[in-house]
Amino acid sequence: MLKNRIIPCLDVKDGRVVKGINFVELKDAGDPVEQAKIYSDSGADEICFLDITASNENRETIIEIVRKTAKECFVPLTVGGGVRTIQNITDLLLAGADKVSINTSAVKNVDFVNEASKKFGSQCIVVAIDAKKVSDNKWEVFTHGGRNKTGIDAIKFAKQVEENGAGEILLTSMDKDGTKSGYDVDLLKKITKSTNIPVIASGGVGTLDHLYDGIVKGGASAVLAASIFHYGEYKIKDAKEYLNSKNVSVRL
Amino acid sequence: MNVTIVDYQSGNISSVKNSFTEVAKDKVNLEVTSDVKKIKSSDKIVLPGQGSFKSCVDSLNQIKGLVDTLKEFAITNKKPLLGICVGLQMFADIGYEEAETRGLGWISGKVSKIDNQKGKFKLPHIGWNEIEIQKESKLFKGIKNKSHMYFVHSYEFIPEDKSVISAITDYSSKIVCSVEKNNLFGTQFHPEKSDRTGLKIIENFINL
Numbered sequence: 001m002l003k004n005r006i007i008p009c010l011d012v013k014d015g016r017v018v019k020g021i022n023f024v025e026l027k028d029a030g031d032p033v034e035q036a037k038i039y040s041d042s043g044a045d046e047i048c049f050l051d052i053t054a055s056n057e058n059r060e061t062i063i064e065i066v067r068k069t070a071k072e073c074f075v076p077l078t079v080g081g082g083v084r085t086i087q088n089i090t091d092l093l094l095a096g097a098d099k100v101s102i103n104t105s106a107v108k109n110v111d112f113v114n115e116a117s118k119k120f121g122s123q124c125i126v127v128a129i130d131a132k133k134v135s136d137n138k139w140e141v142f143t144h145g146g147r148n149k150t151g152i153d154a155i156k157f158a159k160q161v162e163e164n165g166a167g168e169i170l171l172t173s174m175d176k177d178g179t180k181s182g183y184d185v186d187l188l189k190k191i192t193k194s195t196n197i198p199v200i201a202s203g204g205v206g207t208l209d210h211l212y213d214g215i216v217k218g219g220a221s222a223v224l225a226a227s228i229f230h231y232g233e234y235k236i237k238d239a240k241e242y243l244n245s246k247n248v249s250v251r252l
Numbered sequence: 253m254n255v256t257i258v259d260y261q262s263g264n265i266s267s268v269k270n271s272f273t274e275v276a277k278d279k280v281n282l283e284v285t286s287d288v289k290k291i292k293s294s295d296k297i298v299l300p301g302q303g304s305f306k307s308c309v310d311s312l313n314q315i316k317g318l319v320d321t322l323k324e325f326a327i328t329n330k331k332p333l334l335g336i337c338v339g340l341q342m343f344a345d346i347g348y349e350e351a352e353t354r355g356l357g358w359i360s361g362k363v364s365k366i367d368n369q370k371g372k373f374k375l376p377h378i379g380w381n382e383i384e385i386q387k388e389s390k391l392f393k394g395i396k397n398k399s400h401m402y403f404v405h406s407y408e409f410i411p412e413d414k415s416v417i418s419a420i421t422d423y424s425s426k427i428v429c430s431v432e433k434n435n436l437f438g439t440q441f442h443p444e445k446s447d448r449t450g451l452k453i454i455e456n457f458i459n460l
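Those sequence lines, one after another, are chains B and V.
Heads up: the first sequence at position 221 corresponds to 221 in the numbering used here, and the numbers run straight through without jumps.
Add 252 to a position in the second sequence, counting from 1, and you land on the number used in the numbering used here.
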């Protein structure tokens, strides 16, 4: 039976983790490689890096981090942030990423998703959708970390990226992100029901119960979380044992 | 010992390279190449594969003499070869991804889309799933039955002769996830992404 995945996400800025893990055993709380290794050793099903470096010139920094991490972590590694061109994807994959996540560039031009999945295979193309509720039962796609409204319906867009060869959708609720009040389960439900590719839930996790809701109520295939793991509130193992105790199948 | 990972410009092989490097350490000489001379003189071959069946077969055919060299290595000389994901699928006679495409024809069978029961199951089949070991295999030495492996695929290999199946996994149906026929080994899952259990499989292959 296919297991539900737990994916810790590390925000990286200029080569350093922004919201670092607060574990005592860490030598350097800002080193993404060391943190990724801790997560992979403690049972993370995948690792996700999100490069939030503002400038375009710093691509080499994230690539170097990916290169080092890939030599030490033997679980899938997804890298997102600033992926704009086929060359960006090539560089990340060559450095050892297994999947890349495309956000703004997919919204600007959905053909880019098509081109990328044709060239590299759907298995490594994740489309990250940032959605915000605009009225009852209606969500809109936002870009640039939730600042820019696009007028695009999130559900329609999810279907569109599926048609264009995306292998997975990483769905973040901009309303919930950072609130620790749980995923936007209604949004998740809508997207998981209207598409046929795996959806990774993101944005809003504060308790282990929220992970349960994302999977069981929202229909997500994987749950992504950042802060609950970073600050040592919960370990990956805690999350898995909790889900397992509630009959949600995970890799133990 | 020389182990060669065949680099035929088909998808991302960095993870395969990294995991084999991790296991091989200094014991094994690891090459990543499409040079047919080097392939001929190696002791073991790893055939990775990402993307579609058709694109992988096309890429193999684009390198002059590669298919013949692989055939001589694995079929005539019966030396150990491990196919991973589409690398395994290409053992088949025929595949149906993108367009009907002839495979290598080393293990009779076909590669077709996983029946996801009219949308009841999501595709690709992505994530960690348990393997159910079907027969004793050198690849699974020290690997517990029902171990978790990492999968990402939408197509499955259906061999004619079921005795080649060494493991299956349960998704929308029982999917063949590992085969072994004499010196030919193949995994549908990605040992290079399957944490320590995956590395153990790689070690078993290297130690054959």
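Think of the CB as a built atom: it goes at the ideal place given N, C-alpha and C, for glycine as much as any other residue.
Quantities reported herein were computed from a predicted structural model and do not represent experimental measurements.
Could you tell me which of B:I63, B:A239, B:A44 and B:I47 sits nearest to B:T53, measuring between CA atoms? B:I63
Measuring only between beta-carbons, confirm whether B:F74 sits less than 8 Å from chain V. yes
Evaluate contact between the region 347–361 of chain V and the region 446–458 of chain V, counting only Cβ atoms and requiring at least three cross-stretch pairs below 8 Å. no
Leaving aside the five residues before and after V:G355 along the sequence, list all residues of the same chain whose C-beta is less than 8 Å from its C-beta, in chain order. F305, V309, Q341, M342, F343, A344, D345, I346, G347 and V363
Burial state of B:G80, where buried means 16 or more other Cβ atoms lie within 10 Å: buried
With 16 other Cβ atoms within 10 Å as the buried cut-off, status of B:R5: buried
Can you check DSSP and say which residues form a bridge with B:D11? B:L50
Assign V:S286 to one of two classes, buried (16 or more other C-beta atoms within 10 Å of its C-beta) or exposed (fewer than that). buried
Would V:L391 be called buried (16 or more neighbouring beta carbons within 10 Å of its own) or exposed? buried
Reduced DSSP secondary structure (H/G/I, E/B, other) of B:C124: helix
Which bits of chain B does V:G339 rub up against, with CB to CB less than 9 Å? Simply none; closest approach about 13 Å.
Can you tell me which of V:K414, V:V258 and V:I417 puts its alpha carbon nearest to the alpha carbon of V:L333? V:V258
Quick check on B:I86: buried or exposed, where buried means 16 or more other Cβ atoms within 10 Å of its Cβ? exposed
Span of the alpha helix (DSSP H) holding B:T85? No alpha helix (DSSP H) contains B:T85, which DSSP labels as neither H nor E.
Between which two residues does the beta strand (DSSP E) harbouring B:V100 extend? K99 to I102
What does V:I417 pair with, by DSSP beta-bridge criteria? V:V431
Which of helix, strand or coil DSSP assigns to B:T69: helix
Judging by CA-CA distance, which residue of B:F120, B:G82 and B:F142 is the nearest neighbour of B:I129? B:F142
Are the C-beta of V:Y423 and some C-beta of chain B separated by less than 8 Å? yes
Backbone CA spacing between B:L188 and B:T104 [nearest angstrom]: 20 Å
Below-8 Å beta-carbon distance, V:Q302 vs any chain B residue: yes
Does B:G219 come out as helix, strand or coil in the three-state DSSP assignment? coil
Can you name the start and end residues of the beta strand (DSSP E) that B:V110 belongs to? No beta strand (DSSP E) contains B:V110, which DSSP labels as neither H nor E.
Of the choices B:C9, B:P76, B:Q160 and B:T172, whose alpha-carbon is the least far from that of B:N196? B:Q160
Given this structure, state the Cα-to-Cα distance separating B:P32 from B:I7, to the nearest angstrom. 15 Å
Quick one: what does DSSP say B:K235 is sitting in, helix, strand or coil? coil
Assuming V:P443 contacts V:S406 under a Cβ cut-off of 8 Å, what Cβ separation, rounded to an integer in Å, is found between them? Incorrect: roughly 19 Å between the Cβ atoms, too far for contact.
Residues of chain B with CB under 8 Å from V:N381, in chain order? M1, L2 and K3
Taking Cβ-Cβ distances below 9 Å as the criterion, which residues of the region 195–215 of chain B are in contact with chain V? T195, N196, I197, P198 and V199
Contact with chain B by V:D447, beta-carbon distance below 8 Å: yes
Look up B:N244 in the DSSP assignment and say whether it is helix, strand or coil. helix
Between which two residues does the beta strand (DSSP E) carrying B:V18 extend? Per DSSP, B:V18 belongs to no beta strand (DSSP E) and is neither H nor E.
Using only CA atoms, which one of V:K433, V:K316 and V:Y423 lies nearest to V:P411? V:K433
From B:L94, B:G82 and B:K71, residue whose alpha carbon lies closest to that of B:D14: B:G82
For V:K414 and V:K393, I'd like the C-alpha separation in whole angstroms. 21 Å
Go to V:L282, then tell me how far its alpha helix (DSSP H) extends in each direction, as first and last residue. Counting along the chain, V:L282 falls outside any alpha helix (DSSP H), though it belongs to the beta strand (DSSP E) covering N281 to T285.
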